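Asks:
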Amino acid sequence: MKQAAQLKEEEEKEKKMHKEQERQFQIKLLLEEYGRQKKEQEELIRLEKEKREEAERKERKRTATEEILKFQERDLHKLELKILEKQMKEEEKMEKEKRLSKLREKVEINVPRDPCRLYKPTKVWEERTKEIGPVGAEPLMHIPHRAVPTWRQGL
């Protein structure tokens, strides 16, 4: 009987051990499945992040290219304006030179050298002194003033 009870106990121990091993195996399978899923998820997240970063890089590159083109066009336009302005100034200078040369051809300046000419008064000065001469000779007897207001006359 003791043997039968012992045998029964051993069978129960084996069953418990077997159940425990199976339970551990199931837990191990679950952990492996969880780890695999987590790795897959991390891999997906990493791939999505790489795709997003690549898209951002492409967008930045495209934007930079557009900006560079825009600045180049603006610079080209400014350069063209500057060249046109320079050409216009050059043309105006040439036209002015032509006009001046035509005027110089019409007018001939022939002035004799006369050192005494420096000491003579100019025509304008002579005209000014003529006007001031007779009026400035007599002394002023009465200097005109502004009128005194009525409210101050008695003060």
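Our numbering applies: residue 19 is where the sequence shown begins, and numbers increase by one.
Where a beta carbon is used, it is the ideal one built from N, C-alpha and C, also for glycine.
As the structure is a computational prediction, the values presented were derived from the model and not from experiment.
1. Taking DSSP as the reference, what is the three-state secondary structure of A22?
2. Measure the C-alpha to C-alpha separation of E159 and P139 and round it to an integer number of angstroms.
3. If you reduce the DSSP assignment to three classes, tell me which class Q171 lands in.
4. Using a Cβ-Cβ cut-off of 7 Å (strictly less than) and excluding sequence neighbours within five positions of K124, which residues of its own chain qualify?
5. Using the three-state DSSP reduction, which class does A73 fall into: helix, strand or coil?
6. Look up V125 in the DSSP assignment and say whether it is helix, strand or coil.
7. Can you tell me whether DSSP reads H36 as helix, strand or coil?
Replies: Let me lay it out:
1. A22: helix per DSSP, three-state reduction.
2. The sequence given here has Met at residue 159, not Glu. Distance between the alpha carbons of M159 and P139 is about 32 Å.
3. coil
4. none
5. helix
6. coil
7. helix
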